[in-house]
Each structure stands twice: as C-alpha cells, then as structure tokens.
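A.B. asks:
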Amino acid sequence: MTRYVPEVPSLVRRKAAALGPGGERWLAGLGALVASLEERWSITAVEALDGGSEAHVVRVRTAEGRDAVLKLAFPGPEGLGEARVLRAAEGRGYARLLAHDAGRSALLLEPLGPSLAESDLGPERTIEVLCQTLREAWRTPVPAGVPTGPGTEKAARLGRLVARLWEELGRPCSRRVVDRALLFAERRAAAFDPARSVLVHGDPHPGNALRAPVPRAGAESGFVFVDPEGFLADPAYDLGVVLRDWCPQLLAGDAGALAGRYCELLAGGTGVDERAVWEWGFLERVSTGLYTLHHGAKDVSRPFLETAERLV
C-alpha cells in the first residue's frame, strides 16, 4: 500500500510555522501521524482536502469502504473544544464525530458536501438556511468543561480590541464608527443573561455550513456546521456574525435598508431580539475590519470598515 504523503496548503503551512518549534514539529510529523491513525482507526488516507486554515484535512476510507474525513488540528486546546461540542451535539446541526484522539488533536468526521458559500442561493435564502441550522445547533447541551462565565467577556473583549487597534492602526475609520461599536459592546455585555444563553457556534458563516449528502435527523436544513468554537453566549452573537457579512451587497445598494432587512430575517427566523442582532453585527463588522487590517489584509478589511461607515 502506498504511504500517504501530506500535501499541506500554503496557508496552513504558514500558520503552523508561525507557532514556532511546536508547529514545525507538527508539520514534520504529519506523515507519521496519519500512518499511526490509519492503523488505530482502520482507515486509509486518500487525499488532502481544502478547507480550514488551522488543520490538515484528509479524505479517508474506512475498513467497510465508507468515506470519512480526518481532521488533524494544530497542537493545542482548540481541538479538544471542537470535539467536545461535536460529541455533545450528536449530529444535531453539526457534523457527526466518529472518533477522537485528544492527545494528537485528531478527529474522524462524517463526510460532507460543498459549503453553503459555494451554493447558488441568494443572501435571503442563505440566511434562512443558516437560521434553521443554528436553531438545531443551539439545542446542543452545554458539555462539561465549557467555560460558563463571565458571560460578558466576549463583548468586553471585542470592545477592548476595537479601542486598541483603532489607535494602533492610526484611526483607519471614523470616531463615530468606533464610538458606536464601543457603545454596542457595553450594551451587549450589560445585557448578558446566563438563563438565555446557549452553546453558540462562534463563527457560523456560510463557509462553515456544509451540505449533508443524505437526509438525516439533525440536518433538516440540508446543512450542518463544522469548526465550532463553542462557548456560552447570547444566541444573537451567532446571528451578528452572519449579519457582519454581505459587504458586496451592502456596498452596491442602500446599505442601511439592506442590512436592516437581513437583520429582520435573522431575528424573525430564530425568535431572537432584533436590536441585539444588530448590535452584535455592527460590533463584529468593526472588529473584523480592524483585526484583518492589523494582520495586513487590507483588501479584506476595507469592505467591513466602509460598510460600517454607511451603517453608523
């Protein structure tokens, strides 16, 4: 049998190298790691898959001849958190976890199809699918080990990030945009209610929703989520992440009216407070624009900050 030779995407390779010696060792040991897991789980590596920036993903075949996906995450606690969420979800709104090796940050997952981002659905239909999938995902019980407080930390951390990066980057957007983002951060922190919180995905954009190849329970929308961050928060946070996108559409038309329409759909499709969705969405838009600019991605950053100026 031909031994699998890892073909690691350049982005994954760069991020691993940035971790220092630990990342370099991870890269150098991928071939041996795959071989060891092939033996442990009776699988055969077939080919590397695109997707993800902090893991090596491989299509594999089981001893029964079925397809599966092997995900080898960077060394660290993130893989533990993802496995914890997927195990608790049991396939409801999320990919099914078939096996997990905590010591080697390895997950064996059910095979899935293309992402929602690759579909030809328009924004409104995409939002509808994401809402349906999130409603299912939010039913996941909070597993042991997931931090439950302080629940204000997500909003407070984003507020601190916005304030710091705005100054460090030479104030690349208007003060009124930053002031509005900081106001919303304060409001969302003050509004935190543990009783109304759920285990959020944390980054439920269309690229993280993959098509379920066959109908099954827990995937009634036709899609399930991958790569969960998994923390306790207001469900409006997940919806705000969805709302922060759609920059091309907002820049091409009446940004305020269109963003308002998307916000209305997100709130109406989930029963979540519309103002909370709007405030999280604006805070995410500004923080994402500043964060990506901080990392040198000017072309990625610009649409977020330009749309924020139109929405303030």
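For the sequence shown, UniProt numbering begins at 1 and goes up steadily by one.
We treat Cβ as the ideally placed atom computed from N, Cα and C, and that holds for glycine.
All values reported here derive from a predicted model rather than from experimental measurement.
#1: Around the Cβ of Glu124, are there at least 16 other Cβ atoms within 10 angstroms (buried) or fewer (exposed)?
#2: Leaving aside the five residues before and after Val38 along the sequence, list all residues of the same chain whose C-beta is less than 8 Å from its C-beta, in chain order.
#3: Let me make sure I understand the geometry here. Which of Glu47, Ala83, Val277 and Pro172 has the alpha-carbon closest to that of His294?
#4: Using DSSP with H/G/I as helix, E/B as strand and the rest coil, what is Tyr4?
#5: How is the beta strand (DSSP E) around Phe231 delimited, first residue to last?
#6: Cutting at 6 Å between CB atoms, please list the residues of its own chain near Val227, excluding the five before and the five after it.
#7: I want to know whether the stretch 52-70 touches the stretch 134-146 - three or more CB-CB distances under 8 Å.
#8: Using alpha carbons as the reference points, say which of Asp299, Thr292 and Cys263 lies closest to Cys131.
#9: Among Ala212, Thr270, Ala267 and Val277, which one has its Cα closest to the Cα of Arg244?
#10: The alpha helix (DSSP H) spanning Arg164 covers which residue range?
#11: Could you please give the first and the last residue of the uninterrupted beta strand (DSSP E) stretch that includes Asp101?
#12: Spatial neighbours of Arg92 within its chain, please: C-beta separation below 6 Å, excluding the five flanking residues on both sides.
#13: Can you check whether the CB of Leu210 is closer than 8 Å to the CB of Val198?
#14: Since Arg61 sits in a beta bridge, which residues does DSSP pair it with?
#15: What is the DSSP secondary structure of Arg196, counted as helix, strand or coil?
#16: On the DSSP bridge list, what partners appear for His56?
#17: Do you know how far the Cα of Ala212 is from the Cα of Ala106?
#18: Taking Ala48 as the reference, give the member of Asp193, Arg14, Ser10 and Gly240 with the closest Cα.
#19: By the 10 Å Cβ neighbour count, where 16 or more other Cβ atoms means buried, how is Gly256 classified, buried or exposed?
#20: Locate the alpha helix (DSSP H) running through Leu183, then write down its first and last residues.
#21: With respect to the beta strand (DSSP E) encompassing Leu108, which residues constitute its N-terminal and C-terminal limits?
#22: Are the beta-carbon atoms belonging to Leu305 and Gly289 less than 8 Å from one another?
#23: What are the uninterrupted segments assigned as beta strand (DSSP E) that are 3 or more residues long and contained completely in the stretch 229-275, given in chain order?
#24: From Arg84 to Ser53, what distance separates their C-alpha atoms?
#25: Express the C-alpha separation of Gly271 and Leu134 in angstroms, rounding to a whole number.
#26: Measuring CA to CA, which of Gly159, Leu27, Leu33 and Ile127 is closest to Gly103?
#27: Does DSSP classify Leu19 as helix, strand or coil?
#28: What's the call for Val214, buried or exposed, on a 16-neighbour Cβ count within 10 Å?
#29: How long is the line joining the alpha carbons of Val8 and Glu82, rounded to whole angstroms?
#30: Taking DSSP's pairing of strands, which residues face Ala209 in a bridge?
C.D. replies: Inspection of the coordinates gives the following:
#1: Answer is exposed; the Cβ neighbour count stays below 16.
#2: Residue 38 is actually Glu in this sequence, not Val. Here the set comprises Tyr4, Thr44, Ala45 and Val60.
#3: Pro172
#4: The three-state reading of DSSP puts Tyr4 in coil, since its state is none of H, G, I, E or B.
#5: Phe231 to Ala233
#6: The residue you asked about is not Val; residue 227 is Asp in the sequence shown. These residues qualify, in order along the chain: Asn208.
#7: no
#8: Cys263
#9: Val277
#10: First-last of the alpha helix (DSSP H) with Arg164: Glu153 to Glu168.
#11: Leu97 to Asp101
#12: Glu136, Arg139 and Gly218
#13: no
#14: Thr44 and Asp67
#15: helix
#16: Leu72
#17: 21 Å
#18: Checked all of Asp193, Arg14, Ser10 and Gly240; the closest Cα to Ala48 is Ser10.
#19: Its Cβ having fewer than 16 others within 10 Å, Gly256 is exposed.
#20: Counting along the chain, the alpha helix (DSSP H) containing Leu183 begins and ends at Arg175 to Ala190.
#21: Where Leu108 is concerned, the enclosing beta strand (DSSP E) stretches over Ala106 to Leu109.
#22: yes
#23: 231-233
#24: 20 Å
#25: 12 Å
#26: Leu33
#27: coil
#28: exposed
#29: 21 Å
#30: Phe225
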